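Visitor:
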Amino acid sequence: MIDLPPATTRFGNKPRTSRPFRVAEAIKSWVVEQGLRPGDRLPPEAELIERLGVSKGTVREAMRLLEAQGLIRTRTGPGGGSFVHEVSRQRTKALLANYFFFRHLSIDDIYELRALLEPKLAASLAGKLAPEVLDTLEAVMANYAQPSRTLEEERAQHVASLRFHAILAEQAKNPLLGLIIDFMITLLSDLTVYRRLYSPRNLELWRQGIDHQSRLIAALREGDAAAAEAIMSAHMQIAGQLMREQEAVIDNGFIASV
1 MIDLPPATTR
11 FGNKPRTSRP
21 FRVAEAIKSW
31 VVEQGLRPGD
41 RLPPEAELIE
51 RLGVSKGTVR
61 EAMRLLEAQG
71 LIRTRTGPGG
81 GSFVHEVSRQ
91 RTKALLANYF
101 FFRHLSIDDI
111 YELRALLEPK
121 LAASLAGKLA
131 PEVLDTLEAV
141 MANYAQPSRT
151 LEEERAQHVA
161 SLRFHAILAE
171 QAKNPLLGLI
181 IDFMITLLSD
191 LTVYRRLYSP
201 RNLELWRQGI
211 DHQSRLIAAL
221 REGDAAAAEA
231 IMSAHMQIAG
241 QLMREQEAVI
251 DNGFIASV
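Heads up: the sequence shown at position 96 corresponds to 96 in the UniProt record's numbering, and the numbers run straight through without jumps.
#1: Between the beta-carbon of R37 and the beta-carbon of V87, is there less than 9 Å?
#2: On the three-state DSSP scale, how would you describe V84?
#3: So, using beta-carbon positions, are V133 and I167 closer together than 9 Å?
#4: Sort out for me which residues DSSP pairs I72 with in a bridge.
#5: Within its chain, find whatever has a CB closer than 7 Å to the CB of G39; leave out the 5 residues flanking it on each side and keep chain order.
#6: Would L197 and M243 qualify as a contact pair, given that the criterion is a beta-carbon distance under 9 Å?
#7: So, are the CB atoms of T186 and A97 less than 9 Å apart?
#8: Could you compute how far the alpha carbon of V249 sits from the alpha carbon of K28?
#9: Give the straight-line distance between the Cα atoms of E152 and V159, rounded to the nearest whole angstrom.
#10: Would you tell me roughly how many angstroms separate the C-alpha atoms of Q69 and V59, rounded to the nearest one?
#11: Exposed or buried, N174, counting other C-beta atoms within 10 Å across all chains shown (16 or more means buried)?
#12: Which first and last residues belong to the alpha helix (DSSP H) in which H165 is found?
#13: Can you give the Cα-Cα distance for P43 and R103, rounded to whole angstroms?
#14: By DSSP, does R41 sit in helix, in strand, or in coil?
#15: Round the Cβ separation of S233 and P119 to the nearest angstrom and send it over; I've been treating them as touching at under 8 Å.
#16: Who are the Cβ neighbours of I210 in its own chain at under 8 Å, not counting the five residues just before and after it?
#17: What is the DSSP secondary structure of F21, reduced to helix, strand or coil?
#18: Please state if the CB of F183 and the CB of T92 are separated by a distance shorter than 9 Å.
#19: Nearest to R208 by alpha carbon, out of D224, V193, R221 and M236?
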């Protein structure tokens with residue numbers, strides 16, 4: 001048998017946890033207990049019904065919940081069935097972004113965390129990046145080696161410069177640290193494009209970014225953790241301030257137009 005977790009007790013108007021949700025949680029716990037890995041097949045529907053002691057409809061709804069969460073994949077036809085699936089980084093970031101959809105994150109919110117986490121990441125990567133990763137970072141920088149001439153180029157350069165930081169996040173030995181930083185970079189990229197924070201063009205932001213990233217690559221190559229941390233810290237402080245000023249220009253322009 002697979003044991004169901006207890007229903008949630010009512011608090012005020014908060015409803016009890018639904019039975020399909022509890023079944024989904026029980027299946028997840030069972031997958032962990034059995035040591036199943038991505039690609040492993042789950043028991044067929046009839047066996048799940050017997051193991052869980054619930055109806056066919058409840059099991060099917062639970063499986064739909066797990067599939068919506070990206071934790072299982074169902075295939076039809078010969079060799080079909082339900083299989084354990086690893087949630088991709090991209091899907092994880094998309095689900096997290098949904099949580100913040102109505103929370104109106106600001107540049108301050110994002111840079112407050114970036115300033116704390118990215119210097120530590122840089123220090124941890126000093127002397128540990130493969131030559132091809134460092135070469136990739138330099139190739140990304142080539143996309144904004146010269147100041148932009150148009151707003152479209154400015155937008156593209158902003159996105160490319162954030163890609164530089166996403167590459168570093170992908171190299172994090174701590175997967176939680178890497179995911180959090182990568183998620184913040186995705187949020188900042190979306191926020192920059194959505195709110196047109198690349199307008200007007202900001203030559204000082206470009207100069208500072210090129211300087212800091214160039215010196216950071218040198219520190220990473222040399223394995224100088226202290227220098228890498230200090231450079232990234234300065235980069236976060238200056239970029240954050242310049243982006244806050246950019247955000248204020250946009251907000252003031254909006255207020256003036258209203």
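Yeah, the Cβ is synthetic: ideal placement off N, Cα and C, and Gly gets one too.
Remember, predicted model here, so these are calculated numbers, not experimental data.
Guide: Let me lay it out:
#1: Numbered from 1 along the sequence shown, position 37 holds the residue referred to as residue 37. Numbered from 1 along the sequence shown, position 87 holds the residue referred to as residue 87. Contact: no.
#2: Position 84 of the sequence shown holds residue 84. Residue state, collapsed to three classes: strand.
#3: Within the sequence shown, numbered from 1, the residue matching residue 133 stands at position 133. Within the sequence shown, numbered from 1, the residue matching residue 167 stands at position 167. Yes, the Cβ-Cβ distance between V133 and I167 is below 9 Å.
#4: Numbered from its first residue, the sequence shown carries residue 72 at position 72. Bridge partners of I72: V84.
#5: Working through the sequence shown from its first residue, we reach residue 39 at position 39. The residues are F83 and V84.
#6: Stepping through the sequence shown from its first residue, residue 197 is reached at position 197. Stepping through the sequence shown from its first residue, residue 243 is reached at position 243. Yes, these two residues count as a Cβ contact at 9 Å.
#7: Within the sequence shown, the letter at position 186 stands for residue 186. Within the sequence shown, the letter at position 97 stands for residue 97. In contact: T186 and A97 (Cβ atoms closer than 9 Å).
#8: Against the sequence shown, residue 249 aligns to sequence position 249. Against the sequence shown, residue 28 aligns to sequence position 28. Approximately 48 Å, taken between the alpha carbons.
#9: In the sequence shown, the residue the question calls residue 152 occupies position 152. In the sequence shown, the residue the question calls residue 159 occupies position 159. C-alpha separation (whole angstroms): 11 Å.
#10: Translated into positions along the sequence shown, residue 69 becomes position 69. Translated into positions along the sequence shown, residue 59 becomes position 59. Those two C-alpha atoms are separated by around 15 Å.
#11: Reading the sequence shown from its first residue, position 174 is the one you call residue 174. With fewer than 16 Cβ atoms within 10 Å of its Cβ, N174 is classed as exposed.
#12: Counting from one through the sequence shown, the residue named residue 165 turns up at place 165. Counting along the chain, the alpha helix (DSSP H) containing H165 begins and ends at L151 to E170.
#13: Against the sequence shown, residue 43 aligns to sequence position 43. Against the sequence shown, residue 103 aligns to sequence position 103. Distance between the alpha carbons of P43 and R103 is about 40 Å.
#14: Along the sequence shown, one-based indexing puts residue 41 at 41. In the structure shown, R41 sits in a strand (DSSP, three-state: E or B).
#15: For the purposes of this step, residue 233 is taken as the residue at position 233 of the sequence shown. For the purposes of this step, residue 119 is taken as the residue at position 119 of the sequence shown. Yes, S233 and P119 are in contact; Cβ-Cβ is about 4 Å, under 8 Å.
#16: For the purposes of this step, residue 210 is taken as the residue at position 210 of the sequence shown. Excluding residues within five positions, the ones whose Cβ falls inside 8 Å are M141, Y144 and A145.
#17: The residue given as residue 21 occupies position 21 in the sequence shown. Three-state result, F21: helix.
#18: Within the sequence shown, numbered from 1, the residue matching residue 92 stands at position 92. Within the sequence shown, numbered from 1, the residue matching residue 183 stands at position 183. In contact: T92 and F183 (Cβ atoms closer than 9 Å).
#19: As a working note, residue 208 is residue 208 in the sequence shown. The sequence given here places Gln at residue 208; Arg does not occur at that position. Out of D224, V193, R221 and M236, M236 has the C-alpha closest to the C-alpha of Q208.
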